[in-house]
Amino acid sequence: SRPDQPHEFETLLESVRLMHCDNHAGEVASYIPELSKASPEHFGLAMATIGGKLYTAGDAEAPFTIQSISKAFTFCLALEVAGHSAVLARVGVEPSGDAFNAIFFNPATNRPYNPMVNAGAITIAGLLCEELGSGAFDFVMDRLSAAAGRRLTLDDAVYRSESETGHRNRAIAYLLLANGALTVSPDEALDLYYRQCSISVTASDLARMGATLANMGENPATGAEAFELRAVRNTQAVMFTCGMYDYAGHWAYDIGVPAKSGVAGGILGVVNRQLGIATYSPRLDVKGNSVRGIASFETLADELGLHAFDCT
Ligand code: GLN
């Protein structure tokens with residue numbers, strides 16, 4: 005039978021941790037020098053319910069940078085701030101099947117395929133700068149903090165490391181400018197993008213942020229309104245089809261919940277109207293997704309019947 009008691013959730017998370025903690029496959033990301041300092045053995049799991057409860061196992065309070073998981077949230081905020089049609093004029097919602105840092109746009113539109121790859125997320129950052137000016141990062145930080153239920157902070161060292169070494173992202177931003185997808189300067193859009201990626205979170209924070217999405221944008225523990233209702237629906241849809249880069253199809257097939265990964269080793273999954281689930285383990289596979297994170301979600305999906313199209 006499936007767990008339905010609080011202690012059973014804690015026991016389940018701990019058993020998933022034990023099941024996968026001996027998996028040492030994958031590599032910690034090193035292309036952003038500061039990320040290579042992460043402890044490869046860190047492994048945390050957290051699950052937050054829309055009833056406001058949190059269950060954890062392992063290093064659920066270890067801090068790491070949110071990285072690309074921020075892309076789901078900034079997309080959600082851009083839909084609210086700039087409006088749905090303005091967002092969709094700048095970025096598509098089609099899975100690209102490309103790597104996260106691909107320098108490749110939809111040839112029919114000259115726009116990024118979707119907001120979950122770097123090109124799309126830099127476009128969204130530019131749109132937020134256009135709408136909110138120099139207040140854009142504070143706005144993002146405020147809303148992500150409301151979603152997490154605590155004041156989040158910026159990891160300055162990662163932010164500096166990313167800005168100094170992000171040559172590929174700079175190339176992408178200049179192409180976006182050339183295509184008319186950016187109306188602010190590439191530097192302004194990139195600065196917001198590097199900052200949003202460098203927000204420090206824990207697995208517990210991410211699970212709570214996921215529960216806020218699952219709870220239609222309202223933080224279930226604090227009652228704070230973090231996101232707009234309709235934007236939450238559209239965000240989960242894009243997470244479902246594009247959240248795991250060029251593994252997105254496989255993830256939807258096997259695990260079947262909207263999710264987003266980041267190169268620091270976090271994965272956030274959302275079970276709509278039920279749960280936010282987060283894992284943190286920094287060793288990544290070749291597609292940039294956490295190895296133990298994927299394995300843990302596979303086990304949890306089986307044990308809890310999470311798949312959107314489960315019939316049992
Ligand atoms: N900040 C990272 C980058 O742009 C985010 C990538 C990721 O998490 N996949 O390279």
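Per the UniProt record's numbering, the sequence shown starts with residue 5, numbered consecutively.
Cβ coordinates follow ideal geometry from the N, Cα and C atoms, glycine included.
Query                                                                                                                                                                       : Result
Look at the Cβ atom of L233, then the Cβ atom of G221, and state whether they are nearer than 8 angstroms.                                                                  : yes
What residue range is occupied by the uninterrupted alpha helix (DSSP H) comprising K264?                                                                                   : No alpha helix (DSSP H) contains K264, which is instead part of the beta strand (DSSP E) from A263 to S265.
Return the chain-ordered list of same chain residues with a C-beta closer than 8 angstroms to the C-beta of D160, the five sequence neighbours on each side being excluded. : S202
Can you give me the C-alpha to C-alpha distance between A61 and Y284, rounded to a whole angstrom?                                                                          : 11 angstroms
Please classify D63 as buried or exposed, where buried requires at least 16 other C-beta atoms within 10 Å of its C-beta.                                                   : buried
Taking the alpha-carbon positions, what's the V261 to S100 distance?                                                                                                        : 19 angstroms
Heavy atom of ligand 1 less than 7 angstroms from the Cβ of G124, yes or no?                                                                                                : no
Could you tell me the alpha carbon to alpha carbon distance between L272 and L181, rounded to whole angstroms?                                                              : 31 angstroms
Just curious, the alpha helix (DSSP H) that A61 is in, first and last residue?                                                                                              : That residue, A61, is in no alpha helix (DSSP H); its beta strand (DSSP E) goes L58 to G62.
Can F68 be considered in contact with ligand 1, in the sense that its beta carbon sits closer than 7 angstroms to one or more heavy atoms?                                  : no
Does the beta-carbon distance from C133 to L81 come in below 8 angstroms?                                                                                                   : no
Would you call the segment 117-131 in contact with the segment 50-57, where contact means no fewer than 3 C-beta pairs closer than 8 angstroms?                             : no
Tell me whether V267 counts as near ligand 1, meaning its Cβ is closer than 7 angstroms to at least one heavy atom of that ligand.                                          : yes
Going by other Cβ atoms of all chains shown within 10 Å of its Cβ, with 16 needed for buried, is I176 buried or exposed?                                                    : buried
Following the continuous beta strand (DSSP E) through A282, name the residue where it begins and the one where it ends.                                                     : L279 to Y284
So V295 is in the alpha helix (DSSP H); what residue range does that whole segment cover?                                                                                   : V295 to L308
Between the Cα of A207 and those of R147, H11, S89 and L58, spot the shortest distance and give me the residue it belongs to.                                               : L58
Could you spell out where the beta strand (DSSP E) holding T53 opens and where it closes?                                                                                   : G48 to T53
Give the straight-line distance between the Cα atoms of E166 and F104, rounded to the nearest whole angstrom.                                                               : 15 angstroms
Do M120 and C246 come within 8 angstroms of each other at the CB atom, strictly closer than that value?                                                                     : yes
At a Cβ threshold of 8 angstroms, is E14 touching chain D?                                                                                                                  : Absent here is chain D; the protein component of the structure consists of one chain.
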